[in-house]
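A.B. asks: As you go down the protein sequences, you meet chains A and B in turn. Our numbering applies: residue 1 is where the first sequence begins, and numbers increase by one. Our numbering applies: residue 189 is where the second sequence begins, and numbers increase by one. Note that beta-carbon positions come from the ideal geometry of N, C-alpha and C, so glycine has one too. This structure is a prediction, so every number in the text was calculated from the model and none was measured. Below: one structure in structure tokens.
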Amino acid sequence: MNASDDWRLVADAQSGDMGAFRALVERYQQPLVVFCYRMLGSYQDAEDVAQEAFVRLYRHLGRLEPDAQFSTVLFGIARNLTLNHIRDGGRRGRGRSVSMDDAPPIIAANAGPDQCARTQEMARWIGQALKLLSPEHREVLLLREFEGMDYESIAEVVGCRKGTVKSRIARAREHLREILIEMGGKAL
Amino acid sequence: MNHNPYREISAHLDGEAESPEQVEVLLREDPEARLRLEAYLLLGDSLRAAPEPLVDAAFTDRVMAATQERSAIVPFSRARLVLSGMAALFLLSLGAWLLAPEMDGGPDTAPAVAQGVAESEGEAWALAQLLESEYDAWDNAEVAYSAEWSALEALAPWDTHHDEAFPEAPLELDTLLADLAPDEEAALESLLLAYEWGDLAR
């Protein structure tokens, strides 16, 4: 997959080719739902928010121009929706966005058989530790570590300066390290 | 090296350090810096190794169905949507005026909200920011939230939260619409699109 492929699909979708839009959904649904899940901590909410992001994308296809990476556009929409969702949950006092009660139906372990033991041990704690980061720190770390975005792209997604991204990622790593040490992560 | 070496070590790990040579020197000379780099590497490896949900195969079908269903509504409801948005914003202004004595910002805040029913896109955005910033300042949060909810419901009916049970403000749309100036439509359209696009984190 590359950026030009994405924009070619967007162009086809703009012409009314629903198959092209479906291809975009299929291409990005896994990383987008996972991003939302790690932001919200609820699989059902993650699917709802990711679906909404795709719908909004579709409704604005006519305004899209290939002057940025397609992924930053899509993740930018999803990012705003997740922050709204977290904020709405906080206002209502339910804290549902960080509940982790509704576990995803299927879990894929990314750790291969050659993964070292301490990485696997740490991975077990990472989901809990991520929840303790602020949304602003969590989002930049997820976009960097999971999506592999560079700082410029992350800045586009979250709407801030590149220098701010740099600081937030450093603080996020440091905070995550401190949290994991408190949880017993001796390797850190 | 600047005053925060860990910031540069973190950036170095991502290939984004301003001066990679200086970071390399630091890593050679400072055992603590090397330990920190190793910790950040381990964190990254662990994050990527963490279990993740596999998206259900039916998700694609649900997205496509929602896309077709919702997009089919837009052309017919756009005008109504704008009018509803105008009415809701009018209500919000009215609510802000009524609530003014209870607002931390004082009675001057309510006219500010009213003036925010804007004549330009920039003012519309400013209004959106204002609504957000003032929400938390209102003592009567339930009423304020109810007013905001009504506005958002009118502005963004595609929002996923509208099935939630929240008290609705007593709103007579038709009556209020008659009092609104027609030149507000463009600004409200911009605001509406901003919400729809997701550019505004409420």
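#1: Could you please tell me which residues of the segment 31 to 48 of chain A, in chain order, have their CB closer than 7 Å to any CB of chain B?
#2: Flag this pair as touching only if the segment 8 to 17 of chain A and the segment 58 to 73 of chain A have three or more C-beta atom pairs under 8 Å; answer yes or no.
#3: Please state the DSSP three-state secondary structure of Glu136(A).
#4: Give the residues from the segment 10 to 28 of chain A that approach chain B closer than 8 Å (Cβ to any Cβ), ordered along the chain.
#5: What are the start and end residues of each continuous alpha helix (DSSP H) run of 4 or more residues lying completely inside the segment 233 to 263 of chain B, in chain order?
#6: What separation, rounded to the nearest whole angstrom, lies between the Cα atoms of Glu47(A) and Leu83(A)?
#7: Can you check whether the C-beta of Ser207(B) is within less than 7 Å of a C-beta belonging to chain A?
#8: From Val251(B) to Glu217(B), what does the alpha carbon distance come to, in whole angstroms?
#9: Am I right that Tyr43(A) and Pro241(B) are in contact with their C-beta atoms under 8 Å? What's the rounded C-beta distance?
#10: Taking the CB atoms as reference points, tell me whether Arg195(B) and Ala170(A) lie closer together than 7 Å.
#11: Which residues in the same chain as Glu152(A) place their Cβ atom closer than 7 Å to its Cβ, once the five residues preceding and following it in sequence are excluded?
#12: I need the straight-line Cα distance from Leu142(A) to Val49(A), nearest angstrom please.
#13: Between Val73(A), Arg138(A) and Arg173(A), which has its C-alpha nearest Phe35(A)'s C-alpha?
#14: Hey, Ile154(A) and Val140(A) are a contact pair by Cβ (cut 8 Å); roughly how many whole angstroms apart?
#15: Residues in the segment 221 to 249 of chain B with C-beta within 7 Å of chain A's C-beta atoms, listed in sequence order?
#16: Within 7 Å (strictly less), CB to CB, does Glu212(B) reach chain A?
#17: List the residues of chain A whose Cβ lies closer than 9 Å to the Cβ of Asp202(B), in chain order.
#18: Helix, strand or coil: which one does DSSP assign to Ala205(B)?
#19: Which residues in chain A have a C-beta closer than 8 Å to the C-beta of Arg216(B)? List them in chain order.
#20: On a CA-only basis, which of Glu182(A), Glu174(A) and Gly184(A) is nearest Gly232(B)? Give me that one, please.
#21: Step through the CB atoms of chain B and report whether any lies within less than 7 Å of the CB of Ile126(A).
#22: Step through the CB atoms of chain A and report whether any lies within less than 7 Å of the CB of Ala253(B).
#23: Given a threshold of 16 other Cβ atoms within 10 Å of its Cβ, counted over all protein chains shown, does Leu235(B) qualify as buried or as exposed?
#24: Buried or exposed for Glu341(B), please, with buried defined as at least 16 other CB atoms from any protein chain shown within 10 angstroms of its CB.
#25: From Thr72(A) to Val157(A), what does the alpha carbon distance come to, in whole angstroms?
#26: Got a sec? Which residues, its chain only, sit under 6 Å from Ala20(A) by beta carbon, not counting five neighbours each side?
#27: Which residues of chain B have a Cβ atom closer than 7 Å to the Cβ of Lys51(A), listed in chain order?
#28: Check this for me: beta carbons of Val243(B) and Gln29(A), under 7 Å apart or not?
#29: Strictly under 7 Å for the Cβ-Cβ distance: is Ile106(A) near chain B by that measure?
#30: Got a sec, what are the start and stop residues for the alpha helix (DSSP H) Leu40(A) sits in?
#31: Tell me which residues share the same chain as Gly76(A) and place their Cβ nearer than 6 Å to its Cβ, disregarding the 5 neighbours each side in the sequence.
#32: In whole angstroms, what is the alpha-carbon distance linking Ala23(A) and Leu57(A)?
#33: Who are the Cβ neighbours of Leu130(A) in its own chain at under 7 Å, not counting the five residues just before and after it?
C.D. replies: Quick answer:
#1: Answer in chain order: Val33, Val34, Tyr37, Tyr43, Glu47 and Asp48.
#2: The segment 8 to 17 of chain A vs the segment 58 to 73 of chain A: in contact.
#3: Note: Glu136(A) maps to helix in three-state DSSP.
#4: Going along the segment 10 to 28 of chain A in chain order, one finds Met18, Phe21, Arg22, Val25 and Glu26 with a Cβ nearer than 8 Å to chain B.
#5: With a minimum length of 4 residues, no continuous alpha helix (DSSP H) run stays inside the segment 233 to 263 of chain B.
#6: Cα-Cα distance, rounded: 15 Å.
#7: Chain A has no Cβ within less than 7 Å of the Cβ of Ser207(B).
#8: Their backbone Cα atoms lie some 54 Å apart in a straight line.
#9: For Tyr43(A) against Pro241(B), the beta-carbon gap comes to about 5 Å, under 8 Å, which counts as contact.
#10: In this structure, Ala170(A) lies closer than 7 Å to Arg195(B) by Cβ.
#11: Excluding five sequence positions before and after Glu152(A), the CB atoms of its chain that fall closer than 7 Å to its own CB belong to Lys162, given in chain order.
#12: Approximately 16 Å between the Cα atoms of the pair.
#13: Relative to the Cα of Phe35(A), the nearest Cα in the group Val73(A), Arg138(A) and Arg173(A) belongs to Arg138(A).
#14: That pair is a contact at about 6 Å.
#15: From the segment 221 to 249 of chain B, only Ala227, Tyr228, Leu230, Leu231, Gly232, Asp233, Ser234, Leu235, Arg236, Ala237, Ala238, Pro239, Glu240, Pro241, Leu242, Val243, Asp244, Phe247 and Thr248 have a Cβ closer than 7 Å to chain A.
#16: Glu212(B) does not count as touching chain A.
#17: Here the neighbours are Arg144, Asp150, Tyr151, Lys166 and Ile169.
#18: Coil.
#19: The premise fails here: Arg216(B) is roughly 20 Å from chain A at the closest Cβ pair, so nothing lies under 8 Å.
#20: If we check each option's Cα against that of Gly232(B), Glu174(A) comes out closest.
#21: Yes, its Cβ sits closer than 7 Å to a Cβ of chain B.
#22: Output row for Ala253(B): interface = no.
#23: It counts as buried.
#24: Note that Glu341(B) scores a pLDDT of 46, beneath 50, so its modelled location is shaky and nothing firm can be said.
#25: The alpha-carbon atoms of Thr72(A) and Val157(A) are separated by roughly 5 Å.
#26: Answer for Ala20(A): Leu9, Asp12 and Ala13, listed in chain order.
#27: The identity of residue 51(A) in the sequence shown is Gln, whereas the question assumes Lys. The answer, in chain order, is Arg250, Val251 and Ala254.
#28: Less than 7 Å separates the beta-carbon of Val243(B) from that of Gln29(A).
#29: With a pLDDT of only 47 at Ile106(A), under the threshold of 50, the placement of this residue in the model should not be trusted, and no figure is reported.
#30: Residues Met18 to Leu40.
#31: Cβ contact annotation for Gly76(A) (same chain, cutoff 6 Å, sequence separation greater than five): Val157, in chain order.
#32: Going by the C-alpha atoms only, they are around 14 Å apart.
#33: Contacts found: Arg38 and Arg138.
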